[in-house]
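Q: The listed protein sequences derive, respectively, from chains A and B. According to my numbering, numbering within the first sequence proceeds without interruption in unit steps and concludes at 692. According to my numbering, numbering within the second sequence proceeds without interruption in unit steps and concludes at 254.
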Amino acid sequence: MGSYRMDVLVCGGTGCQASNSIDVIETMSKEIKAAGLEKEINLVTTGCFGFCEQGPIVKIQPDNVFYVKVTPESAAVIVKEHFVKGRVVKELLYEEPKTRKKLEEQSDMPFYKKQERIALRNCGLIDPENINEYIAVDGYQALGKALSEMTPEQVIDEVKRSGLRGRGGGGFPTGTKWELTRMSKADRRFIICNADEGDPGAFMDRSILEGDPHSVLEAMAIAGYAIGADSGYIYIRAEYPLAINRLKIAVKQAYDMGLLGKNILGTDFSFDIHLKYGAGAFVCGEETALINSIEGGRGEPTVKPPFPAEVGLWKMPTNINNVETFANVCPILLRGADWFASIGTEKSKGTKVFALAGKVNNVGLVEVPMGTTLREIIFDLGGGIKNNRKFKAVQTGGPSGGCITEENLNIPIDYDSLTEIGSMMGSGGMIVMDEDDCMVNIAKFYLEFTVDEACGRCTACRVGNKRLHEILTKITEGKGTEEDLERLKDLSQIIKDSSLCGLGQTAPNPVLSTMKYFWHEYLAHVNDKYCPAGVCKALLKYHIIPEKCKGCTLCTKVCPKGIISGKLKEAHVINKEECIACGACEQVCKFGAITRM
Amino acid sequence: MGEYKVDAEKLKKLGDFIEGLEYAEGELINILREAQEMFGYLPMDVQLFIARKLGIPAAKVYGVATFYSYFTMTPRGKHVISVCLGTACFVKGADRIVEEFRKQLNIKEGTISEDGMYTLDSIRCVGACGLAPVVIVDGKVHGRVKPEDVAAIIRGINEDESGEQMLVKQNVQ
Ligand SMILES: Cc1cc2nc3c(=O)[nH]c(=O)nc-3n(C[C@H](O)[C@H](O)[C@H](O)COP(=O)(O)O)c2cc1C
Ligand code: FES
Chain A
96 MGSYRMDVLV
106 CGGTGCQASN
116 SIDVIETMSK
126 EIKAAGLEKE
136 INLVTTGCFG
146 FCEQGPIVKI
156 QPDNVFYVKV
166 TPESAAVIVK
176 EHFVKGRVVK
186 ELLYEEPKTR
196 KKLEEQSDMP
206 FYKKQERIAL
216 RNCGLIDPEN
226 INEYIAVDGY
236 QALGKALSEM
246 TPEQVIDEVK
256 RSGLRGRGGG
266 GFPTGTKWEL
276 TRMSKADRRF
286 IICNADEGDP
296 GAFMDRSILE
306 GDPHSVLEAM
316 AIAGYAIGAD
326 SGYIYIRAEY
336 PLAINRLKIA
346 VKQAYDMGLL
356 GKNILGTDFS
366 FDIHLKYGAG
376 AFVCGEETAL
386 INSIEGGRGE
396 PTVKPPFPAE
406 VGLWKMPTNI
416 NNVETFANVC
426 PILLRGADWF
436 ASIGTEKSKG
446 TKVFALAGKV
456 NNVGLVEVPM
466 GTTLREIIFD
476 LGGGIKNNRK
486 FKAVQTGGPS
496 GGCITEENLN
506 IPIDYDSLTE
516 IGSMMGSGGM
526 IVMDEDDCMV
536 NIAKFYLEFT
546 VDEACGRCTA
556 CRVGNKRLHE
566 ILTKITEGKG
576 TEEDLERLKD
586 LSQIIKDSSL
596 CGLGQTAPNP
606 VLSTMKYFWH
616 EYLAHVNDKY
626 CPAGVCKALL
636 KYHIIPEKCK
646 GCTLCTKVCP
656 KGIISGKLKE
666 AHVINKEECI
676 ACGACEQVCK
686 FGAITRM
Chain B
82 MGEYKVDAEK
92 LKKLGDFIEG
102 LEYAEGELIN
112 ILREAQEMFG
122 YLPMDVQLFI
132 ARKLGIPAAK
142 VYGVATFYSY
152 FTMTPRGKHV
162 ISVCLGTACF
172 VKGADRIVEE
182 FRKQLNIKEG
192 TISEDGMYTL
202 DSIRCVGACG
212 LAPVVIVDGK
222 VHGRVKPEDV
232 AAIIRGINED
242 ESGEQMLVKQ
252 NVQ
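1. With a 10 Å radius around its C-beta and 16 neighbouring C-beta atoms as the bar for buried, classify B/Q254 as buried or exposed.
2. Just to make sure I have the definition right: I need the residues of chain A whose C-beta is within less than 7 angstroms of the C-beta of B/I204. Which are they?
3. Would you kindly check if the distance between the Cβ of A/K481 and the Cβ of A/D532 is under 9 angstroms?
4. Using Cβ-Cβ distances below 8 angstroms, what residues of the stretch 100 to 117 of chain A are close to chain B?
5. Using a Cβ-Cβ cut-off of less than 7 angstroms, give me the residues of the stretch 550 to 574 of chain A that come near chain E, in sequence order.
6. Please list, in chain order, the chain B residues whose beta carbon lies closer than 8 angstroms to that of A/I526.
7. Could you check whether the Cβ of B/H160 sits closer than 9 angstroms to any Cβ belonging to chain A?
8. Within the same chain, show all residues whose beta-carbon is closer than 6 angstroms to that of A/E313, passing over the 5 residues directly before and after it, in chain order.
9. Comparing alpha-carbon positions, which option in A/V160, A/A538, A/S169, A/S257 lies nearest A/Q201?
10. Does the stretch 172 to 182 of chain A come close enough to the stretch 120 to 130 of chain A to have 3 or more Cβ pairs within less than 8 angstroms?
11. If you draw a straight line from the alpha carbon of A/S608 to that of B/V215, how long is it in whole angstroms?
12. Does B/R183 have its Cβ less than 9 angstroms from a Cβ in chain A?
13. In angstroms with no decimal places, state the Cα-to-Cα distance between A/D509 and A/G466.
14. Which of the three DSSP states, helix, strand or coil, is assigned to A/E462?
15. Could you check whether the Cβ of A/T269 sits closer than 8 angstroms to any heavy atom belonging to ligand 1?
16. The stretch 137 to 162 of chain B: which residues have C-beta closer than 7 angstroms to a C-beta of chain A, in chain order?
17. Could you please give the first and the last residue of the uninterrupted beta strand (DSSP E) stretch that includes A/I526?
18. Measure the C-alpha to C-alpha separation of B/G224 and A/G293 and round it to an integer number of angstroms.
19. Considering only residues of the same chain and omitting the five flanking positions on each side of A/V558, which have a CB-CB separation below 6 angstroms?
20. So does A/F298 have its beta carbon nearer than 8 angstroms to some heavy atom of ligand 2?
21. B/R177 touches chain A at which residues, Cβ-Cβ below 7 angstroms?
22. Going residue by residue through the stretch 242 to 271 of chain A, where are the continuous beta strand (DSSP E) segments of at least 3 residues, counting only ones entirely within it?
23. Assuming A/N604 contacts A/G497 under a Cβ cut-off of 8 angstroms, what Cβ separation, rounded to an integer in Å, is found between them?
24. State yes or no: is the C-beta of A/V184 within less than 9 angstroms of the C-beta of A/P151?
25. Are the C-beta atoms of A/K89 and some chain B residue less than 9 angstroms apart?
26. Exposed or buried, A/R332, counting other C-beta atoms within 10 Å across all chains shown (16 or more means buried)?
27. What does A/R393 reach in chain B if we use C-beta pairs closer than 7 angstroms?
28. Is there a C-beta anywhere in chain A that falls below 9 angstroms from the one on B/G96?
29. In angstroms, rounded to a whole number, what distance separates the CA positions of A/V163 and A/V458?
30. Would you verify that the beta carbon of B/L113 is, or is not, closer than 9 angstroms to some beta carbon of chain A?
31. Could you tell me the distance, in whole angstroms, from the CA atom of B/D230 to the CA atom of B/F182?
32. Is the stretch 400 to 417 of chain A touching the stretch 434 to 444 of chain A in the sense that three or more CB pairs, one from each, lie closer than 8 angstroms?
33. Give a yes or no on whether the C-beta atoms belonging to A/P223 and A/G110 are separated by under 9 angstroms.
34. For A/E681, name the three-state secondary structure that DSSP assigns.
35. Use the C-beta contact count for A/K208: other C-beta atoms within 10 angstroms, 16 or more gives buried, fewer gives exposed.
36. Check for me: the alpha helix (DSSP H) holding A/T710 runs from which residue to which?
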């Protein structure tokens, strides 16, 4: 950008900042000055590259070199070697784990190879705090095009034909929603951007707002033009201070340049954007609750219909879209609906960003065409399971979703295929689990979350989910019975059928889906009082550490089941299958040779 | 409830803030955020003050304040340690980190240490899932925390603390 010989892009996203990227930037800046290169080298703090696992990340353009895990010390080396002498610092390149080859270019890395970046197009490429960089990559051109060349109806039509569906979880066709809001008769209409990102384990909305805030502002203005709204609200969670800060800067810059506010680009279209902060309530991600929260009240959902498109904020028709949904809008207007519709599957067009987390090697954000298989995402892009453990399941859809096992890894994923196998797209969080995770415990974790987050309005959800959680706790403590499993099933169905909002209606999903795929694990907990993954503490079995056992035979005498065997002065063994975990042996052992595991 | 005095100067500042707002009633959450920032928590008196200032029932203010987990009605420790209990952090063993902090800070019940120095609470995902498990200490994100790291984190807080005191001393001189 400009007359610099080299652009140095350093990630300043939440992930890399936590890995010290601010110090990396400071050191680099100092060293560049010390080398007298400040006129030649353009140091840019960008948003998230997605490859958080390998952060902090530094990318050099036009050399197309991608350094990983850069420390302040190695930043100094990059300046001295690469910038001054033109030599690539091999040690700091990414090493492909299978071939152990050092890879220079981003596009060669398996993590990036299958990605197609639309929503994340500018993340890691531009300085999110500088509107000029956004403009340099065609920023605000889509808005210009809409205002000068298209009628609101044409904008809506383009979005409709693109096949874009809401990325916030429901998958509702975006263009249709815009049209419905436009058709509702009213004096005023509103646009809301849902940046509440409640699914714990999903962080794509945060990355987009941190790395490319203008793309969302621009799309909101376009939506405002299309549906006839004069203001918009961004509802963002308080846990994202960096994103809030970048948004504030972006809004101010857009106003200063006349891209927001009165008479945008000299037309008679005016549009304001306000920021509203969440205060830590998951249910506020649900659209009607969110509206109540913006109005200053308790974020409790209300019954639909009426939908926000008819009666929304301050009782006016309101169009709510998710951050990632908005991030797709400008490319659709600039490159055309046909281009967008050519990507993806028959009913789910375009790409989807997934947040890969949990027990996978390459934790981070990936954007892939709809229809990519889970196997490709987890094993190709994600690099497989950490520490060579065995894959067990992947949870999609967060606390509303379900787990997917090995047998379904080859299904091309889109909204409909995920629902078919008992999970859902949700916001795109993907938590990978390995053999060391206990699925009963995972179900209990999600229920704890929903019980914590339920707003308390309807009984089915407030009391029902609490009961589910109690039963699950009982099972993980080894006090469950087979009747409890039946009760789990029945109660889950009742809660699903009678809850007021999506939170309650989907809360039992993690229970039902883990029961479906891991029934044997539930049975082991209730019948054998055994946790196969070795997680549930109360169900751990005793084990003798051979190196410590002196063979004194004392334990064999106290074991009520008589299942410890071994000869005098030789290491003993406990028959784990039959151990009832009474602890008698541990108490008498004088050598500390008996532990639970 | 005489033990906490509400600082009159802060209250005045809060009053000014409220008066500066356009649609004050719709801004209740923002007002509570501001108040919590000023006072560190939301004492009953402050909630009453806000209710009267806005001319709405105190029950409404209380209802909103209790609904959102961001708001707290008990004083917080000088240092706030938040352990992320989002899914990504959970599957990477965040519960063990909480246990370790509890043990080392000697917090048995509730969230605050006996000397009032530390608040230990949990949050749900700060979006740094790539670095799970994540702990936030006074706003700074620590990633890939292991139970063995807990002692060092606490030491870090205490060192900052003594550094701060040195600065204060120097300023006094
Ligand atoms: C309990 C619950 C939580 C939700 N949380 C979010 C969220 O955090 N972010 C989001 O964009 N949508 C969330 N949604 C979906 C919204 O209600 C709404 O459908 C969405 O914001 C619409 O935008 P879209 O059409 O662009 O997806 C949630 C829904 C429910 C029922
Ligand atoms: S789950 Fe802990 S940061 Fe996301």
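Each residue gets a CB set at the ideal place from its N, CA and C atoms; glycine is no exception.
A: So, from the data block:
1. A caution first: B/Q254 carries a pLDDT of 40, below 50, which makes its placement in the model unreliable, though a value can still be read off. Flag for B/Q254 reads exposed.
2. E334
3. no
4. T109, G110, Q112, A113, S114
5. Judged by its chain identifiers, the structure shown contains no chain E, and its protein chains are A and B.
6. T168, A169, V172
7. no
8. Y235, L238, C425
9. A/V160
10. yes
11. 28 angstroms
12. no
13. 6 angstroms
14. strand
15. yes
16. G144, V145, F148, Y149, S150, Y151, F152
17. Per DSSP, A/I526 belongs to the beta strand (DSSP E) from 524 to 529.
18. 20 angstroms
19. none
20. For A/F298, the Cβ falls inside the 8 angstroms cut-off from some heavy atom of ligand 2.
21. Result: empty, since nearest Cβ-Cβ is about 11 angstroms, beyond 7 angstroms.
22. none
23. 5 angstroms
24. no
25. With chain A covering only 96 through 692, there is no way to say anything about residue 89 of chain A.
26. buried
27. Going along chain B in sequence order, the residues near A/R393 (Cβ under 7 angstroms) are G144, V145, F148.
28. no
29. 14 angstroms
30. yes
31. 10 angstroms
32. no
33. No; because the gap between Cβ atoms is not below 9 angstroms, this pair is not in contact.
34. helix
35. exposed
36. With chain A covering 96 to 692 only, the question about residue 710 of chain A has no answer from this structure.
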